[in-house]
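Each residue of the sequence shown is one higher than the one before, starting from 1 at the first, in UniProt numbering. We treat Cβ as the ideally placed atom computed from N, Cα and C, and that holds for glycine.
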Amino acid sequence: VIVDNLPPRPFGIRMIRVTADSTTDQLQNNTVWSSYTEIIDVRQRYPNTAVIGLQVESEQFGSQQVTRNYHFFGRIIHVPSNYDPVARTYSGIWDGTFKPAYSNNPAWCLWDVLTHPRYGMGQRIGAADVDRWALYAIGQYCDQMVPDGFGGTEPRMTFNAYLAQQRKAWDVLTDFCSAMRCMPVWNGQMMTFVQDRPSDTVWTYTRSNVVMPDEGTPFRYSFSARKDRHNAVEVNWIDPDNGWQTSTELVEDTVAISHYGRNLVKMDAFGCTSRGQAHRAGLWLIKTELLETQTVDFSVGAEGLRHVPGDVIEVCDEDYAGISLGGRILSVDRARRILTLDREITLPSSGTTLISLMDGEGLPVSVDVQSVTDGVQVQVSRIPDGVAEYSVWGLKLPSLRQRLFRCVAVRENDDGTYAITAVQHVPEKESIVDNGASFDPQPGTIHGTVPPAIQHLTTEILAEEGQYQVLARWDTPRVVKGASFSLRLNVAAEDGSDRLVSSAGTPDTQYRFRGLTPGRYTLSVRAVNSQGQQGDPASTQFSISAPAAPSFIELTPGYFQITATPRQAVYDPTVQYEFWFSDAQITDIHQVENAARYLGTALYWIAASVNIRPGRDYYFYIRAVNQ
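Quick look at the structure:
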C-alpha cells in the first residue's frame, strides 16, 4: 500500500484489521506489521556521469541479476582545431589550439588522459608540460590508412577502451603508448613521445666526431639474446564480431620458426578492436625482435651532441664495416665540386656511391660521388649550401647497408662528455608490418564455415602419481568463433588394428590424458565450430614403453673412486637408472640382482665407499627405468 498526500510532520500511521481474528486452528490468518519504506521523490544529479536507467519486471528474471551491455561512444575530448575526426583529415597548418570532438585517435586520447584535471593527470602536469607537437605527428601517423587484411583499408591505429578502476599513472601511460608503438620521454623541458616509425636521419657519427676511449673502440655493441627473439605471438584483442569478447590472433614468422624453432609470446593489444590492427601489433613485435637486434653505446663531446632521444642517427663504423666509411672534410672547392677528405676511400667497380654531408642547417644531405682522385679528392654532383671545412662526412656504398639507430638515452658523464645509447632502426619494417595482414574473407552465411585444421600438434609424456599421462598441445592458424576441439586417442592392438582408448572435447588448445598403459598411440585432433562442422584432423603418434638401454656408459676415475654416467641416444627427462656394483663379472644378466650389490637409483653414481683397490677390475650393471 502506498500512502501519499501526507500531512505535515509529525504524524502517525495505524493499520486496523476489519475482520475478526480466527478462533480455530484450522485457519491461520494472523496479521503482522512487517515493515514500511519511506519513499523520497527527488531528482538526483550525476555530475560527469552518463546514466542509463531501465525498468523491468522482476518476474522475467526471478532471482537472477540483470546484466546489460552497451555499445557507446566515449568521451568528448580535445582534438586539434584543424582536424576532422570523422574523415581523419587535417587542413592547413595547426596553430596549437584545440576544439571539443569525439575521436578514437590514440594520440588525442592520451592527451586527454594527461591533461584532464578530474580523472587524468591535469592537476599534476599542465598542458605546457606535454609535447603537443609530437602528439600531432603521432596522431597523423595513426590516421594513415593501411590494408585491413580483407581487401579494404582502415586507420593504422585506433583506440577503443574504458578505464574502470584506478591504476598507477605510469601503467596507464605505458598502456596508451603501447597502442601507438611509442614510449614517453622527458627531454629536460617537457614530456615528449618517441614513436617507432621511419624518419629522417638527423646526424652522422663516425670515429672522427666521437670520444675515443682508452681501449680504442669508440662504438660498443651488444645484441639481444636468442630467447628474446620471438617468432610467434598470440595477440589478445576485443572482437566486435564475437560479442565484444576477447579473441586471439596468432601471428607467426614461418621462416624464423624453421630456422630456430618456435618461440611463442603472448601479448594484450590495449584498446584494439580490429583484427587487422591486432595482426599488425603482433607482426611489429616479431619483426622488431628479429630485425632490430643491436644496441650501440658511444660518447661524444658537447659539440658533437646533435640529437635528442627519439632521433634517428647514422653510425659509420669502419671497424664494423671493415672499410673507411666516415671522417672529416679538410677542404671544399665549390667551383670544381671537389672535397678533400681526411682519409682515402675506394669506390666499388659498379653501383652508385653516395656521400653524406652536413649542410648549413646541420642536416645530413646525400649527394652522388662522381670520381675519386688520389683516394682523397672526391668530386661530387653538387655541394650543398653550408658545407664547411672539418665537417663530418659519411660514405654509403651500394654493397653495404646503411646502419641506422634510434637514440633512446642521453646521459651526461662526469668529464663533460655525453653517453649515447641507441637501438638498431630498420625503416623497411613499416612496410612489412602494414602490408603483412591477409585474412580469409568473411563468410556469406550465418551458419558458419568449416574450421581450418589445427597445427603444431605436440605430445609430452609425463609420469605422475604412478601412472602415465600425456599432455597434448596445439594451435589454430586463425580464430574461429565458438570453436572447440574433438580428440580421439587410439592404441595399436596385437592384431594390427587400432582400438579407441579415449575421446574428449575441449575449448582449450591443450588436453591431458591420464591412466595410460604402455603401447603405441595415435592422437587425432580436429576443430569443431558452433554448428558442429568439423575441420580436417591433425594426427601424431607416440609410444609409451620401457626405456631403451643406455647407448654407452661414461666412466670417470677419481681418487679411489669412479663415477659411472649413462648416456642416452635420445634424451628422455623421465628416465633414471638403477646401479649395481660387483668385483666379479656376472655372465648371466638375470643373476645381477642376486649376485651384485644394489647401489641405488639416480642419473649417475659415484662408487667411493666399496673398497676400491688399485689394479683390480670392477663391474657396473646399469638398468634404465622411467618414472
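Taking 8 Å as the cut-off, the Cβ atoms of I553 and A569 do not count as close. Annotation for T24: no beta strand (DSSP E) segment contains it, and DSSP assigns it neither H nor E. DSSP links E554 through a beta bridge to T565.
Boundaries of the alpha helix (DSSP H) harbouring C177: A169 to S178, taken from the DSSP string. Of the candidates E289, R328 and Y619, the residue whose Cα lies closest to the Cα of E344 is R328. Nearest neighbour of V251 by Cα position, chosen from N242, Q245, H230 and I238, turns out to be H230.
Between the alpha carbons of V376 and L330 lies a distance of about 10 Å. A Cβ-Cβ separation of about 7 Å places A232 in contact with N263 under the 8 Å criterion.
When C-alpha distances from P213 are compared across E59, S299 and H259, the shortest belongs to S299. For the pair I454 and C177, the Cα-to-Cα distance works out to about 34 Å. Excluding the 5 residues flanking it on each side, K396 has same chain C-beta neighbours closer than 8 Å at T353, L354, I355, S356, S366 and Q402, in chain order. Within the model, the alpha-carbon separation for Q65 versus G515 is close to 42 Å.
Within the segment 48-105, the complete beta strand (DSSP E) segments of 3 residues or longer fall at 76-80 and 98-102, listed in chain order. Of the residues assessed, L603 falls on the exposed side of the cut-off, its CB having fewer than 16 other CB atoms within 10 angstroms. Looking from the CA of L599, the closest CA among Q28, H307 and F620 belongs to F620. Here the alpha carbons of A278 and T158 stand approximately 11 Å from one another.
The bridge partners DSSP lists for L395 are I355.
Taking the Cα of G120 as reference, the smallest distance to any Cα among L163, G96 and F405 is reached at L163. From the listed residues T522, G496, D508 and A483, the smallest Cα separation to S502 is found for T522. For E318, the uninterrupted alpha helix (DSSP H) segment begins and ends at E318 to A321. Measuring C-alpha to C-alpha distances from Q195 to each of V210, A179, R207 and A302 identifies A179 as the nearest. DSSP places A422 inside the beta strand (DSSP E), whose first and last residues are Y418 to H425. Residue nearest to A161 within the set A538, V625, E578 and Q245 is Q245 (criterion: CA-CA distance). Taken atom to atom, the span from the alpha-carbon of V332 to that of G362 is near 17 Å.
About 7 Å separates the Cβ atoms of A269 and N236, confirming a contact at the 8 Å cut-off. A direct Cα-Cα distance of roughly 39 Å separates Q469 from C272. Shown here for G532: not one same chain residue has a beta carbon closer than 7 Å to its own, the five before and five after excluded. If only complete runs of 3 or more residues are kept, the segment 253-331 shows the beta strand (DSSP E) at 264-268, 294-300 and 312-315, in order along the chain.
Between the alpha carbons of R207 and I313 lies a gap of roughly 14 Å. Contact between P427 and L404 is confirmed by a C-beta separation of about 7 Å, below the 8 Å threshold. Under DSSP, E361 takes part in no beta bridge, so it has no partner. Collapsing the DSSP output to three states places P155 in a strand.
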